[in-house]
Amino acid sequence: MIERGKFITLEGGEGVGKSTNLAFLQARLLDAGIDVRVTREPGGTPLGEAIRSLLLNEGPTAPSALAEVLLVFAARAQHIQEVIEPALAAGRWVLCDRFTDATYAYQGFARGLSQSAIATLESLVQGSLQPDLTVLLDLPPSIGLKRASQRAELDRFEVEDEAFFNRVREGYLTRSLENPERWLVINAGQDLEGVQRALAQGFSSWMASHGS
Ligand code: Z5A
């Protein structure tokens, strides 16, 4: 029987370095001989990528807070059925740039939707599926927003103010404390070398106790 793959998610606020460190984690998994499927949310499927454009773009199609959370979970339902579950069932590991913790942080803590409404949608869409490990790149928004401001164009989330991203950060940290065995929290305020040293150490310990 094929052993089910592991599901790893990467989270954090604005400008924390997720993209950079996702590539670093992927390389470590490949070095360890692990077959890994890299994906992202919102997105990961043709439908999910179309929903992503609706979520990130300003303009006449910009969703209300309730429409936003329903779109996030619509994209997720498709992503789980089309990509995540088949990969895990085939024994591949899945490395996902954001997942449902982002919904609790952004739509819950930052936009103010109730945690119980999000939990109801989570249970409907995911059943018992949860990440085996969630890496949180933690950074004060004042630093992250400075890094991200160097981008050419800002999307519908990136134009939010520092108070919004402080609530996002509080959301992530609160969730990491509620369920610490699932989380690896990394101080993303160090230089990139320091971040990746901490990530490599934390990830190796987790692999030794859970993986291969
Ligand atoms: N969203 C939501 O609301 N609800 C949900 O359920 C989900 C998502 C799943 C898009 O996400 C939006 O979707 C997101 C929340 C919402 N909006 N926001 N904000 P995304 O993940 O695609 O977007 P992003 O947050 O902008 O991620 P990103 O593009 O991957 O950026 P990043 O994390 O900041 O990573 P980066 O590009 O690697 O780093 C940014 C810059 O900093 C770059 O120039 C790096 O070279 C530099 N960097 C990285 N590390 C360092 C260190 N250590 N020191 C100095 N400079 C560094």
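One rule links them: number in this note's numbering = place in the sequence shown (from 1) + 3.
Note that CB positions come from ideal geometry on N, CA and C, so glycine has one too.
Remember, it's a predicted structure, so these values are computed and weren't measured experimentally.
Boundaries of the beta strand (DSSP E) around D100: 96 to 100. Taking a C-beta distance under 8 angstroms as the contact criterion, L59 and P66 do not qualify as a contact pair.
At least 8 angstroms separates the beta-carbon of R101 from that of E17. Between T12 and T137, the beta carbon gap of about 5 angstroms places them in contact (Cβ cut-off 8 angstroms). Each of A26, Y107, E125, E165 was checked against the Cα of E181, and the nearest Cα belongs to Y107.
For E161, the distance from the CB to the nearest heavy atom of the ligand Z5A is below 7 angstroms. Within the same chain, and ignoring the five residues on either side of R185 in sequence, the residues whose Cβ sits closer than 6 angstroms to its Cβ are T137. Taking 8 angstroms as the cut-off, the beta carbon of F167 is found no closer than this to the beta carbon of A105. In this structure, R31 places its C-beta atom within 8 angstroms of the C-beta atom of F206.
When DSSP reads this structure, L13 sits in a beta bridge with D100, V138. Distance between A68 and R55, taken at the CA atoms: about 15 angstroms.
Along the region 137 to 204, the beta strand (DSSP E) occurs as fully enclosed runs of 3 or more residues at 186 to 190, listed in sequence order. DSSP, reduced to helix, strand and coil, places R7 outside both helices and strands of the structure shown, so it counts as coil.
For Q110, the Cβ falls inside the 7 angstroms cut-off from some heavy atom of the ligand Z5A. A contact is defined here as three or more CB-CB pairs under 8 angstroms, and the region 72 to 81 fails this definition with respect to the region 130 to 147. For T42, the enclosing beta strand (DSSP E) starts and ends at 39 to 43.
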